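One structure is given here, and the rest of the page talks about it.
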Amino acid sequence: MVKIIFLNILRSKYKLHEIDVAPGTFKEIFARLKKQYPNLEEKDFQDCVMFVNDVRITHLARFDMILKDGDRVILTHFLGGG
Amino acid sequence: MKNKIADLRFINNSGILSSEDQAKIQAMRILIVGVGGLGGYLAHALCRMGVHDMCLVDKDLFSITNLNRQLFSTPQNIGQPKVDIVKRELLSICPDLSVKTHFSKIEEVDESVFKNIDIVFDAVDNIHCKIYIEKLCGIHNRPLIHGAIGGWYGQVGISLANSNLVKDYYQQATSGLEQEMKAPTFVPPFVAHLMVAQFVMFCLNKEEALINQILNIDMLNNDLRVIYRK
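Quick note, the sequences are listed as chains P and X, same order. Count along the first sequence from 1, add 1356, and you get the number used in my numbering. Count along the second sequence from 1, add 522, and you get the number used in my numbering.
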C-alpha cells in the first residue's frame, strides 16, 4: 500500500490525515480518492507540494509519477513567512 | 548585586544544561536576519539563554500591522527601525550584551560580518531571501537555523553549510501560505522557540537536532513531523 499523508491546509480543509491506498500513478490514485471523497478539489492538489519518501516531486511530474507499495507520500504547501 | 545576578541568572537552565553546556551557548556568536515576527522572539530568547554576542539585520521600521505578533512592537515605536528597538530592549534585559545592528537588507551587509559569527538564524519573510541567506552560509561555512511560518503552520530545520537544504526544499517556489493566511499572534513565538531549541541541541551535539531536515508544525491539527531530509 501507499501511505498518503495530508498536512497543513489540506488536512484542515478535508479532515483527512493519513490514508493507505493501492499503488498506481498519482493521477490514478487521486481519481480513486475523488470517488471516495467527492469534495476533493483537483486545484488544491495541483497547487500543493508533494514529497515521496523525503524527495520533492515537481509540480509537472507529479500526476504521472508511479507510487509503489511502501511509498510514503506527503502533500502540503510551502511556507515562507518570518 | 551584579555578581549575584551573574551567579543566579541561569540557575533555571541548569535542569537541562550543565555549566559547561551553558558556557558553550554563551560563547556562540549569533547573526539573526530579520527581527520581526520570528526574529524578535529569537533575539529575546537567545539573550535570556545567555548568548553574549549578537548581530541583528533588518531593513524595516515597526508598523501598525506588526502589533498583533511582533514582540517588541508597541504603538510608541511605530516608524522606528526594528533593529534599534530590539537592541534597546535586549540591553535592558542584559546590559553587558554585545549587539551590533545593520539597518539594511542582508544583501547590502558586508559579508565580512560572517567572520565573527558562529551560527546564523533565518527569520526573514520571503523565500528568495531565505535561499540567499543559506547561500551566504555556504560560502562562509556557517550553519543556518531555518524557520518559516504561514497561517496555523510553521517549519524549522538546521542547514549545514553547503547542504542546500533550504534551496532544494523550495526549488522554484517564490511564496507560500503566508500570502493568504498571514501570521497570527501565537505562531511566530512557537516556531521561534523551536528554532532556539534546535540551536541548543545543535550547540550540544544532540542527536535529536534536525540536521538537514525540515520539521513541519501544524498547530491546527496538533501535528509535528519531519517532512523533508537530505
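Here a beta-carbon is modelled for each residue, glycine too, at the ideal position from N, C-alpha and C. If you're wondering where the values come from, they're calculated on a predicted model, not measured in any experiment.
Exercise. With distances taken between CB atoms, is the gap from residue 645 of chain X to residue 555 of chain X smaller than 8 Å?
Worked result: Indexing the second sequence from 1 puts residue 645 of chain X at position 123. Indexing the second sequence from 1 puts residue 555 of chain X at position 33. Against a cut-off of 8 Å, the Cβ pair of residue 555 of chain X and residue 645 of chain X comes out as a contact.
Exercise. Where are the beta strand (DSSP E) runs, 3 residues long or more, that stay fully inside the stretch 526-570 of chain X, in chain order?
Worked result: 551-555
Problem set entry | Contacts of residue 1409 of chain P in chain X (Cβ-Cβ under 7 Å) | In the first sequence, residue 1409 of chain P corresponds to position 53, counting from 1. Going along chain X, no residue has its Cβ under 7 Å from residue 1409 of chain P, so there is no contact; the nearest lies around 10 Å.
For this session: Compare the C-beta of residue 1434 of chain P against all C-beta atoms of chain X and say whether one is closer than 8 Å.
Result: As a first step, residue 1434 of chain P is located in the first sequence; it is residue number 78 there, counting from the start. Judged by the 8 Å Cβ criterion, residue 1434 of chain P is in contact with chain X.
For this session: For residue 738 of chain X, name the three-state secondary structure that DSSP assigns.
Result: Locating residue 738 of chain X in the second sequence gives position 216, counting from the first residue. In the structure shown, residue 738 of chain X sits in a strand (DSSP, three-state: E or B).
Exercise. For residue 1367 of chain P, which residues from the same chain have a beta carbon less than 7 Å from its beta carbon, with the 5 sequence-adjacent residues on both sides left out?
Worked result: For the purposes of this step, residue 1367 of chain P is identified with residue 11 of the first sequence, where counting begins at 1. Same-chain partners within the cutoff: 1373.
Problem set entry | residue 1390 of chain P to residue 1371 of chain P span [Cα, whole Å] | Taking the first sequence and counting its residues from 1, one reaches residue 1390 of chain P at position 34. Taking the first sequence and counting its residues from 1, one reaches residue 1371 of chain P at position 15. In a straight line, the C-alpha of residue 1390 of chain P is about 14 Å away from that of residue 1371 of chain P.
Exercise. Where do the N-terminal and C-terminal ends of the alpha helix (DSSP H) with residue 1386 of chain P fall, by residue?
Worked result: For the purposes of this step, residue 1386 of chain P is taken as the residue at position 30 of the first sequence. Residues 1382-1392.
For this session: Taking only beta carbons into account, state which residues of the stretch 641-656 of chain X come closer than 8 Å to chain P, listed in chain order.
Result: 644, 645, 646, 647, 648, 649, 652
Exercise. Which two residues bound the contiguous beta strand (DSSP E) that contains residue 703 of chain X?
Worked result: Along the second sequence, read from residue 1 onward, the residue named residue 703 of chain X stands at position 181. Here residue 703 of chain X belongs to no beta strand (DSSP E); instead the alpha helix (DSSP H) covers 700-703.
Exercise. What residues match up with residue 666 of chain X in a beta bridge as DSSP calls it?
Worked result: Position 144 of the second sequence, counting from 1, holds the residue named residue 666 of chain X. X:642, X:681.
Exercise. Taking the DSSP output, what are the residues bridged to residue 690 of chain X?
Worked result: Here residue 690 of chain X corresponds to residue number 168 of the second sequence, with the count starting at 1. DSSP lists no partner for residue 690 of chain X.
Problem set entry | residue 1421 of chain P (DSSP reduced to helix, strand or coil) | Position 65 of the first sequence holds residue 1421 of chain P. Coil, per DSSP.
Exercise. Along chain X, in chain order, which residues have C-beta atoms closer than 7 Å to that of residue 1430 of chain P?
Worked result: For the purposes of this step, residue 1430 of chain P is identified with residue 74 of the first sequence, where counting begins at 1. By Cβ distance, chain X contributes 749.
Problem set entry | Reference residue 1426 of chain P, options P:1379, P:1410, P:1432, closest by Cα | Walking along the first sequence from the start, residue 1426 of chain P turns up at place 70. Residue 1426 of chain P has its Cα closest to that of P:1379, out of P:1379, P:1410, P:1432.
Exercise. Is residue 743 of chain X close to chain P, meaning its C-beta is less than 8 Å from at least one C-beta of that chain?
Worked result: Residue numbering aside, residue 743 of chain X sits at position 221 when the second sequence is read from its first letter. Interface residue, yes.
Problem set entry | For residue 529 of chain X and residue 689 of chain X, the rounded distance between their alpha carbons | Within the second sequence, residue 689 of chain X is the residue found at index 167, counting from 1. Within the second sequence, residue 529 of chain X is the residue found at index 7, counting from 1. Going by the C-alpha atoms only, they are around 43 Å apart.
Exercise. Any idea what DSSP makes of residue 725 of chain X, helix, strand or coil?
Worked result: For the purposes of this step, residue 725 of chain X is taken as residue 203 along the second sequence, with counting starting at 1. Looking at residue 725 of chain X - three-state DSSP - the assignment turns out to be helix.
Exercise. Do you know how far the Cα of residue 624 of chain X is from the Cα of residue 635 of chain X?
Worked result: As a first step, residue 635 of chain X is located in the second sequence; it is residue number 113 there, counting from the start. As a first step, residue 624 of chain X is located in the second sequence; it is residue number 102 there, counting from the start. One C-alpha to the other measures close to 10 Å.
For this session: Measure from the alpha carbon of residue 620 of chain X to the alpha carbon of each residue in X:589, X:597, X:568, then state which is nearest.
Result: Position 98 of the second sequence holds residue 620 of chain X. Measuring from the Cα of residue 620 of chain X, the nearest candidate turns out to be X:568.
Exercise. Nearest-angstrom Cα distance between residue 721 of chain X and residue 667 of chain X?
Worked result: On the second sequence, residue 721 of chain X is found 199 positions in, with the first residue counted as 1. On the second sequence, residue 667 of chain X is found 145 positions in, with the first residue counted as 1. Computed Cα separation, rounded: 7 Å.
Exercise. Would you say residue 1422 of chain P reaches chain X, if we count a Cβ-Cβ gap shorter than 8 Å as a contact?
Worked result: Indexing the first sequence from 1 puts residue 1422 of chain P at position 66. It does not: the Cβ of residue 1422 of chain P has no partner Cβ on chain X nearer than 8 Å.
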